[in-house]
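S.K.:
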Amino acid sequence: MNAAIIFVLLLVLMLTGMPISISLGLTVLTFLFTMTQVPIESVALKLFTGIEKFEIMAIPFFILAGNFLTHGGVARRMINFATSMVGHWHGGLALAGVLACALFAAVSGSSPATVVAIGSIILPAMVRQGYPKNFGAGVITTSGALGILIPPSIVMVMYSVTTNTSVGKLFMAGVVPGVMLAFLLGLTTWYLARKHNYPRMPKATWSERWRTFRASAWGLLLILIVMGGIYSGAFTPTEAAAMAAVYAFFIAVFVYKDLRLKQVGKVLLDSASMSAMLLYIITNAVLFSFLMTSENIPQAMAEWLTGQGLGVITFLLVVNILLLLAGNVMEPSSIVLIMAPILFPVAMKLGIDPVHFGILIVVNMEVGMCHPPVGLNLYVASGITKMGITELTVAVWPWLLTMLIFLLVVTYIPQISTWLPNLIYS
């Protein structure tokens, strides 16, 4: 009964158009003050202790690194390198967009940042070359979603904080699925481009490829610094995020010189604003999680679900449907912070690997970012392309279908997610 009251209250507040973070906080406070004897001091204590985890510091650092890279010309150099490698194939510039999104995802940790950085440069170029606008928009909107699957990933950090799963293992687990999804999105792009005979580019010489690689090498080196540092044990994921932010600042201002020192203040302010928004959501979600635990709701739900005789296969299918439905009304951070504490105990009871479960949630979040009504990537792409959400929804469906097939594969073949972390951490 208590669970029903909490979720109805949360849903009603969200339907009023209230931000999710405030809806969460108000739900908790209303329930605590009217239906429980929990002292008010515990609420204040939870608000502070909820974000005291060392791993949470990685979030503002990765946001800052991503913003430096977005403004610092790294994206343009990655596009030039990607174009020199695959531009001569069918739909060359579109394929270069997929590859550039995968490369930029490996340094930014954010899907919207990837869509903005790559899309704002490559979409106008594709239109000039004669590609239909909706084809280019479909490619970039969905490929940009790689930003939260290919490590480092802000969403993975949030899942780690919520479930106490190793961030390092999650980052390693994202590598193979990330490369696989990038390949499948590229394959879909190539097939459609070949079918409609979209433009190809002249084949680049090896000297041109070497030149573009050298130009983008400073940005690509960040992948080695972050992943190599975590893998070798030189630093933790949080320290890697701090290193990434300092390194991104250095190459944007002093190496590429695309970002002037007087612009750094604005980048810092933008990053602080986005970090504050995410941390506010996390704080309220921690409070919500505290309420759920104090009312024994996750444990009761875990017992009810296992009492229904749900096997692993059925449970994972139910999780996918729940998360895809949640993706219709919420953005990824909120979904992870609300749903993970509820679903995670059931997954553990059924013997599902916590790392595999984390990757499954992240892939669901990717799909959610590319479909209406609140798909973040759709809104970002809409701003770049000046296309309506309905038009964009139609444009992305071939790649969205590819992502849904990939989701099923990742769901039922856990080795795709667990092979690399098991190999490294065994």
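Numbering (the numbering used here), first residue to last: 725 to 1150.
Quick reminder that beta carbons are idealized off the backbone N, C-alpha and C, glycines included.
Just so you know, these numbers come straight off a predicted model, no measurement behind them.
1) Leaving aside the five residues before and after F1081 along the sequence, list all residues of the same chain whose C-beta is less than 6 Å from its C-beta, in chain order.
2) Enumerate in chain order the residues of its own chain whose CB-to-CB distance from D994 is below 7 Å, with the five nearest sequence positions on each side excluded.
3) Which stretch, first to last residue, makes up the alpha helix (DSSP H) that contains K986?
4) Helix, strand or coil for E776 per DSSP?
5) Would you mind listing the alpha helix (DSSP H) stretches within the region 734–820 that are 4+ residues and don't spill past its ends, in chain order?
6) Which residue's Cα is closest to the Cα of K1110: R984, S834, S844 and I1062?
7) If you count every other CB in all the chains shown that lies within 10 Å of the CB of Y1149, and 16 or more means buried, which is it?
8) Can you tell me the Cβ-Cβ gap for T1126 and P1096, rounded? I've got them flagged as a contact below 8 Å.
9) Does S975 come out as helix, strand or coil in the three-state DSSP assignment?
10) Can you tell me where the alpha helix (DSSP H) holding V840 begins and where it ends?
11) Round the Cβ separation of V1120 and I1083 to the nearest angstrom and send it over; I've been treating them as touching at under 8 Å.
12) Going by CA-CA distance only, name the one from H812, M925 and P743 that's closest to M1054.
13) Counting only the same chain and skipping the five closest in sequence on each side, list residues whose C-beta sits under 7 Å from that of A1026.
14) Which full runs of the alpha helix (DSSP H) of 4+ residues lie inside the region 1079–1112, going along the chain?
15) Quick check on F1130: buried or exposed, where buried means 16 or more other Cβ atoms within 10 Å of its Cβ?
16) Is the Cβ-Cβ distance between F785 and A996 less than 8 Å?
17) Could you tell me the boundaries of the alpha helix (DSSP H) in which E1027 lies?
18) Using 8 Å as the threshold, is the C-beta distance between G854 and M925 below it?
19) Nearest-angstrom Cα distance between V762 and V1010?
20) Just the C-alpha distance for A869 and K990, rounded to the nearest angstrom, thanks.
21) For my contact list, M880 and G902 are in at a C-beta cut-off of 8 Å; report their separation, rounded to the angstrom.
22) L922 lies in the alpha helix (DSSP H); which residues open and close that run?
23) Could you tell me which uninterrupted alpha helix (DSSP H) segments, each at least 4 residues in length, are contained entirely in the region 851–907, listed from first to last along the chain?
24) Taking the continuous alpha helix (DSSP H) assigned at N1146, which residues delimit it?
25) Taking the Cβ atom as the reference point for each residue, do G1051 and V1091 lie within a distance shorter than 8 Å?
26) Considering only the beta carbon of each residue, do T751 and F1012 sit closer than 8 Å?
27) I'd like to know whether the C-beta atoms of V851 and A818 end up nearer to each other than 8 Å.
28) Within the continuous alpha helix (DSSP H) that includes L1067, where are the two ends?
29) Of the residues Y883, P848, T913 and V900, which one's Cα is nearest the Cα of W1143?
30) Measuring CA to CA, which of V732, L769, V822 and P876 is closest to T1007?
31) Grab me the residues of T865's own chain with a C-beta within less than 7 Å of its C-beta, minus the 5 sequence neighbours each way, in chain order.
32) Quick one: residues in its chain with C-beta nearer than 7 Å to the C-beta of L908, no 5 flanking neighbours on either side, listed in chain order?
33) Helix, strand or coil: which one does DSSP assign to N1044?
34) Is the Cβ-Cβ distance between G821 and I842 less than 8 Å?
M.R.: Let me spell this out:
1) A1071
2) N791
3) L985 to S1018
4) coil
5) 744–759, 764–773, 782–795 and 798–810
6) S844
7) exposed
8) In fact, because the Cβ distance is near 18 Å, the residues do not count as touching under 8 Å.
9) One detail in the question is off: residue 975 reads as Ile in this sequence, not Ser. Residue state, collapsed to three classes: helix.
10) S835 to Q853
11) Between I1083 and V1120 the Cβ distance is about 22 Å, and since that is not below 8 Å, they are no contact.
12) P743
13) Here the set comprises P1069, V1070 and K1073.
14) 1100–1109
15) buried
16) no
17) In this chain, the alpha helix (DSSP H) harbouring E1027 covers I1021 to G1031.
18) No, they are not a contact pair.
19) 16 Å
20) 25 Å
21) That belief does not hold up - the Cβ atoms of M880 and G902 are roughly 11 Å apart, past 8 Å.
22) Residue identity check: residue 922 is Tyr in the sequence provided, not Leu. Careful: Y922 lies outside any alpha helix (DSSP H) and carries neither H nor E.
23) 857–867 and 878–887
24) Q1139 to Y1149
25) yes
26) yes
27) no
28) P1056 to K1073
29) V900
30) L769
31) Non-local beta-carbon contacts of T865 in its own chain, meaning distances under 7 Å to residues more than five positions away in sequence, involve V839, C1094, N1101, L1102, A1105, L1116 and V1120 in chain order.
32) T1126 and F1130
33) helix
34) yes
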